[in-house]
Amino acid sequence: MKPVTDRPVFRFAPSLNGYLHLGHALSAFENQRRAKAVGGRLLLRIEDIDQTRATPELEAALIEDLDWLGIAFEPPLFRQSEHFPDYQAVLDRLIVAGLAYPAFMTRGEVRRLVEAFEAEGSAWPRDPDGAPLYPAADRLRSEEERQMLLASGKRHAWRLDMEAAIARIGKPLCWREERDGGIVDISADPAAWGDVVLSRSDAPSSYHLSVVTDDAAQGITHVVRGLDLYHATAIHRLLQELLGLPAPVYHHHRLILGPDGRKLSKSNGDTALRQLRAEGRSVVDIRVLCGI
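Numbering (our numbering), first residue to last: 265 to 556.
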């Protein structure tokens, strides 16, 4: 149930797959600044669905870094690993509604199919991040064949039937984006992403499914995050509409890029705050490095 509050609610939600870096510091500072400006609450969400990489040591380090930065969060701390049944319940709703299907192709099978197709001189359709769209084969299987494969124990993911989902909504979608000049409506194009993953055999929920579920559960009214998730907001708006969930106001801030022009990655140890602290950098230095 969504918490009752008359104050705006923000959240900082890093994934627990490595140490925080400068990009996360920028996002935490942005959330703190915007929450303070409107008298809002700031919550911390630990995105630890990936249990192969999430450890208590990483969580302790993350909280220590945020304390050092001077970022204070209101309780309670929200851990995704404590909400796996919630994600399953939401996934079940989509399956029962006929909007999700079991997908049996492995990444290797998809890659080989795409390579063979493009070797013939045609371009395989790709999503806004440049990844190939998932082939239609599993979506077009008969129900009898699906049940046979499921009964055999074949590993599978669950994917959103994008065409059926958009048809179910039956109207154009947009999201509210907060910019310096005010709030503007941004047209959402979820079809550009194809049949996105909702869960995998090794993870109970995808980022897309968990983020809309968590934002609703925590009563989030304002989502402040990096530009790398700008286009993915279209998927989140579609899922919110399908599930009857509230839509926050969004703000996508600039990214801090590495020397090679790519976004920083904490899983690769890029500009880790712990390393910068060990080098004697101060919080003021971090703010300067973040450009704020």
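Every residue, glycine too, gets a C-beta built ideally from N, C-alpha and C.
In the structure shown, residue 335 adopts coil according to DSSP, grouped into three states.
In the three-state scheme derived from DSSP, where H, G and I count as helix and E and B as strand, residue 489 is classed as strand. Annotation note: the segment 271–309 contains the following uninterrupted beta strand (DSSP E) runs of length 3 or greater, listed N- to C-terminal: 273–276.
DSSP places residue 399 in the coil class of the three-state scheme, outside both helix and strand. Apart from sequence neighbours up to five positions away, the residues of its chain that approach residue 423 with a beta-carbon distance below 7 Å are 364, 365, 367, 398, 459, 460, 461 and 462, ordered along the chain. Taking C-alpha positions only, residue 446 is separated from residue 510 by approximately 20 Å.
Its chain contains 392 as the residues whose beta carbon lies nearer than 6 Å to that of residue 495, once the 5 sequence neighbours on both sides are disregarded; these appear in chain order. Counting along the chain, residue 474 sits inside no beta strand (DSSP E); it lies in the alpha helix (DSSP H) bounded by residues 471–481. Contact between the segment 537–549 and the segment 503–522 is not established, with fewer than three Cβ pairs separated by less than 8 Å. For residue 449, the uninterrupted beta strand (DSSP E) segment begins and ends at 446–452. In this structure, DSSP gives residue 443 an extended state, which the three-state scheme calls strand.
At the C-beta level, residue 454 and residue 437 come within 8 Å of one another. Residue 276 and residue 301 have their alpha carbons spaced roughly 16 Å apart.
Residue 460 sits in coil when the DSSP states are folded into three classes, being neither helix nor strand.
In its chain, beyond the 5 residues on either side, 286 have a beta carbon closer than 7 Å to the beta carbon of residue 553. Scanning its chain for C-beta atoms nearer than 6 Å, with the 5 sequence neighbours on each side dropped, one finds around residue 441 the residues 448, 450 and 514, in chain order. Taking the Cα positions, residue 383 is about 49 Å away from residue 307. Annotation for residue 540: the continuous alpha helix (DSSP H) segment containing it runs 537–542.
In this structure, the straight-line span from the alpha carbon of residue 502 to that of residue 434 is close to 11 Å.
Residue 543 and residue 452 have their C-alpha atoms some 43 Å from each other. In the same chain as residue 439, and ignoring 5 residues on each side of it, the C-beta atoms closer than 7 Å to its own belong to 450, 452, 497, 501, 511 and 514, in chain order. Per the coordinates, the alpha-carbon of residue 475 lies some 10 Å from the alpha-carbon of residue 351.
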